[in-house]
Ligand code: NAD
Ligand code: ZN
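Residue numbers (this note's numbering): 794 to 1035.
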């Protein structure tokens, strides 16, 4: 606190910011998620029962994401990071599609992992794998031959401690916390907004629909991210003092 205080921004994004890129949201209509029961493809017990089925689902998600590009919303956040500098900007995303990185975001915390990373179920080695489609399902670990799994956080799993700790620190330090395109129903991601507000941050939301966070918000834009994030970014800059 005091004269040297740096006013920083933390942003939390969810599946909604990628909707305009053509990636189905989780609860939205017509998505990949409608065709498969989530507990069979996005839980550790679903994977234990039928790893091939889970891998077919993830291979389909990778194929879909590989054909999509960042949209105006992703780009507006990447430009905002450039304007503020990485030390005053943290982007926390629940998305696993990789589009924020492609748009140029650098200070990025992918708290639910990435479609483009795989982890060995035996030796634990994790690495990037961008092959689309994967030649063998389930894919074998190049180091030990055991089965790989997607390096994403499934329902019923704990978030990676180090990454989530950095997200909490960014939320606590922020003067402004901006929530974009998340239904705020998945914890502990949604609690980041409450932590920020509890530490005195202003809370802004961009979502065509109301969410459980809406009553806590100082400002809300009932719009699609691509249409308003440029404007919201300009207002955030002036709110934070350049
Ligand atoms: P969600 O599907 O629960 O909610 C999406 C939200 O986005 C809704 O509130 C909806 O009103 C809003 N929305 C729809 N179109 C929008 C637009 N154009 N602009 C702004 N907002 C828009 O998503 P969630 O809250 O991120 O939770 C879903 C979980 O599933 C997360 O854990 C996430 O990891 C995963 N998921 C990720 C992706 C992805 O990587 N793109 C896609 C689907 C699901
Ligand atoms: Zn291995």
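By construction, the Cβ of each residue, glycine as well, lies at the ideal position given by its N, Cα and C atoms.
1. Got a list of residues with beta-carbon closer than 6 Å to any non-hydrogen atom of the ligand ZN, in chain order?
2. Taking only heavy atoms of the ligand NAD into account, decide whether any of them is closer than 7 Å to the Cβ of residue 1002.
3. Tell me the DSSP secondary structure of residue 832 in three-state form.
4. Whole angstroms is fine: what's the gap from residue 946's alpha carbon to residue 810's?
5. What separation, rounded to the nearest whole angstrom, lies between the Cα atoms of residue 1026 and residue 891?
6. Quick check on the burial criterion: 16 or more other C-beta atoms within 10 angstroms. Buried or exposed for residue 799?
7. For residue 869, verify whether its CB is less than 7 Å away from any heavy atom of the ligand NAD.
8. Measuring only from the beta carbon, is residue 890 closer than 7 Å to any heavy atom that is part of the ligand NAD?
9. Let's test the definition: count the other Cβ atoms within 10 Å of the Cβ of residue 1024 and tell me whether it reaches 16, buried, or not, exposed.
10. With DSSP as the reference, identify every bridge partner of residue 801, one or two as the case may be.
11. Hey, residue 871 and residue 1019: beta-carbon distance below 8 Å or not?
12. For residue 820, which residues in the same chain have their Cβ closer than 7 Å to its Cβ, ignoring the five residues on either side in sequence?
13. Thinking just about the alpha-carbon of each residue, which of 841, 832, 802 is nearest to the one in residue 931?
14. Spatial neighbours of residue 863 within its chain, please: C-beta separation below 6 Å, excluding the five flanking residues on both sides.
15. Go ahead and label residue 948 buried or exposed: buried means 16 or more other beta carbons lie within 10 angstroms of its beta carbon, across all protein chains shown.
16. Looking at residue 975 and the ligand NAD, is the gap between the Cβ and the nearest heavy atom below 7 Å?
Looking at the coordinates:
1. Here the residues close to the ligand ZN, judged by CB distance below 6 Å to any of its heavy atoms, are 913, 915, 916, 918, 934, 936, 937, 939 in chain order.
2. Residue 1002 Cβ: within cutoff of the ligand NAD.
3. The answer is helix: DSSP assigns residue 832 an H, G or I state.
4. The alpha-carbon atoms of residue 946 and residue 810 are separated by roughly 19 Å.
5. Roughly 21 Å separates the two Cα atoms.
6. With fewer than 16 Cβ atoms within 10 Å of its Cβ, residue 799 is classed as exposed.
7. It does not: the Cβ of residue 869 is nowhere closer than 7 Å to a heavy atom of the ligand NAD.
8. Checking every heavy atom of the ligand NAD against the Cβ of residue 890, one is found closer than 7 Å.
9. Residue burial is scored here from C-beta neighbours: residue 1024 has fewer than 16 other C-beta atoms within 10 angstroms and is therefore classed as exposed.
10. Looking at the DSSP output, residue 801 shares a beta bridge with 967.
11. No, the pair does not count as a contact, with Cβ atoms beyond the cut-off.
12. Cβ neighbours of residue 820 beyond the five flanking positions: 976.
13. Its Cα nearest to that of residue 931, the residue 841 stands out among 841, 832, 802.
14. Cβ within range, chain order: 892, 895, 896.
15. That one is exposed.
16. Taking the Cβ of residue 975 as the reference point, at least one heavy atom of the ligand NAD falls within a distance shorter than 7 Å.
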